[in-house]
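What follows is a single structure, written as structure tokens, with notes after it.
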Amino acid sequence: MLCLGFIRWIVHPKEHFVMSFELIMLSLGLVLIIEGIGPLLFPNRWRAYLKEISNQNQQLLQRLGGSLVTVGVVLLIIFS
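Convert by adding 3 to the 1-based position in the sequence shown; the result is the number in our numbering.
Structure follows, in structure tokens:
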């Protein structure tokens with residue numbers, strides 16, 4: 004799937020760039036909305052959650068981050 008997108012970009016780079024830029028901006032907007040819901044609606048819980056996360060060891064945080072990145076890549080591959 005990603006190869007087909009790359010081939011399309013080679014054939015029509017300007018058209019693909021505009022579509023990709025719009026998609027990236029829409030995705031970024033959605034991420035910002037989702038990330039902002041916690042502190043907007045539950046500021047005290049959000050603060051406590053951040054304190055709890057900051058007290059975790061580095062390996063656990065790296066595993067969590069790696070898991071999130073892996074799930075994100077898999078979703079991009081499936082839906083692209």
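We treat Cβ as the ideally placed atom computed from N, Cα and C, and that holds for glycine.
Pairing Ile37 with Phe45, the inter-Cα distance amounts to about 13 Å.
In the three-state reduction of the DSSP assignment, Ser57 falls in the helix class. DSSP, read as helix, strand or coil, puts Ser70 in helix. About 4 Å separates the Cβ atoms of Gly41 and Trp49, confirming a contact at the 8 Å cut-off. Of the candidates Phe24, Ser30 and Glu25, the residue whose Cα lies closest to the Cα of Leu78 is Ser30. Lys54 and Asn47 have their C-alpha atoms spaced approximately 11 Å apart.
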